[in-house]
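Note sheet for the following structure.
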Ligand SMILES: CC(C)(COP(=O)(O)OP(=O)(O)OC[C@H]1O[C@@H](n2cnc3c(N)ncnc32)[C@H](O)[C@@H]1OP(=O)(O)O)[C@@H](O)C(=O)NCCC(=O)NCCS
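In UniProt numbering, the protein residues as written are 1 to 151.
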């Protein structure tokens, strides 16, 4: 069974392993460690027994918007709903802190991630050119977390 819990220092080696196998330009270990403090309560892992199989990091900006800093799931555990579980758990944390919307940058070439976010309720808001370097563009995707119904 997959459990979602807060990340801690002892999970870092496994998180870093997933990070390196998931990204061409992985975050350094030191940054993943720093986020344990910077993203307190917004740094979650998915665990299969004692094995870390995925992680997500968020931060809150200006008190009302949630930024998804990073998400990755171990290759052999993908397409089982774990990424969606991590994302919705982070969104619930965001909401509990009063966040109104959540957003992220995604490489325009990362079709599987774009489709993943779209299925999870994110829309492409705009293009940020050269975000990852010259000629490497990002889409900004966002999702409203705050619904207010008028009577
Ligand atoms: C993006 C990422 C985190 C998604 O994680 P995941 O655990 O595979 O996500 P999910 O399983 O919730 O959803 C992925 C797909 O599997 C499908 N899926 C989910 N459960 C499934 C199941 N039981 N059987 C078959 N397919 C399933 C979903 O429908 C979804 O389809 P879609 O991508 O066509 O929308 C993962 O692909 C990853 O780590 N990528 C590399 C890092 C990366 O690019 N991160 C994003 C940077 S912005």
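All C-beta atoms in this analysis are idealised placements derived from N, C-alpha and C, irrespective of residue type, glycine included.
- [ ] Use the C-beta contact count for residue 141: other C-beta atoms within 10 angstroms, 16 or more gives buried, fewer gives exposed.
- [x] Translated into positions along the chain shown, residue 141 becomes position 141. That one is buried.
TODO: Examine the Cβ distances between the segment 62-76 and the segment 20-35 and report whether three or more of them are shorter than 8 angstroms.
DONE: Yes: at least three Cβ pairs fall under 8 angstroms.
Open item on the list: Assess contact between the segment 77-94 and the segment 55-64, defined as three or more Cβ pairs (one per stretch) separated by less than 8 angstroms. Is contact present?
Closed with: Under the Cβ criterion (8 angstroms, minimum of three pairs), the segment 77-94 counts as touching the segment 55-64.
Task: Residues of its chain near residue 60, where Cβ-Cβ distance is below 8 angstroms and the 5 sequence neighbours each way are ignored - done: The sequence position of residue 60 within the chain shown is 60, counting from 1. These residues qualify, in order along the chain: 42, 66, 67, 94, 97 and 99.
- [ ] Name the one or two DSSP bridge partners that residue 139 has.
- [x] Taking the chain shown and counting its residues from 1, one reaches residue 139 at position 139. Its beta-bridge partners are 106 and 127.
Open item on the list: Taking 7 angstroms as the cut-off, is the C-beta of residue 115 nearer than that to any heavy atom in ligand 1?
Closed with: Within the chain shown, the letter at position 115 stands for residue 115. Yes, Cβ of residue 115 sits closer than 7 angstroms to a heavy atom of ligand 1.
Open item on the list: Considering only heavy atoms of ligand 1, does any lie closer than 7 angstroms to the CB of residue 110?
Closed with: Within the chain shown, the letter at position 110 stands for residue 110. At least one heavy atom of ligand 1 lies closer than 7 angstroms to the C-beta of residue 110.
TODO: Tell me whether the beta-carbon of residue 44 lies closer than 8 angstroms to the beta-carbon of residue 89.
DONE: Residue numbering aside, residue 44 sits at position 44 when the chain shown is read from its first letter. Residue numbering aside, residue 89 sits at position 89 when the chain shown is read from its first letter. Result yes, Cβ atoms of residue 44 and residue 89 sit closer than 8 angstroms.
TODO: List the residues that DSSP assigns as beta-bridge partners of residue 43.
DONE: Working through the chain shown from its first residue, we reach residue 43 at position 43. BP columns for residue 43 point to 57.
- [ ] Measure the C-alpha to C-alpha separation of residue 28 and residue 16 and round it to an integer number of angstroms.
- [x] For this step, residue 28 is matched to residue 28 along the chain shown. For this step, residue 16 is matched to residue 16 along the chain shown. Straight-line Cα distance between these residues: approximately 8 angstroms.
Task: residue 123 classed as buried or exposed, judged by whether at least 16 other C-beta atoms fall within 10 angstroms - done: Within the chain shown, residue 123 is the residue found at index 123, counting from 1. By the neighbour-count criterion, in which 16 or more other beta carbons inside 10 Å mark a residue as buried, residue 123 falls on the exposed side.
- [ ] Please go through the same chain and pick out, in chain order, the residues whose beta-carbon is closer than 8 angstroms to the beta-carbon of residue 128, but skip the five residues on each side of it.
- [x] Locating residue 128 in the chain shown gives position 128, counting from the first residue. Shown here for residue 128: same chain residues with a beta carbon closer than 8 angstroms to its own, the five before and five after excluded, namely 105, 137, 138, 139 and 140 in chain order.
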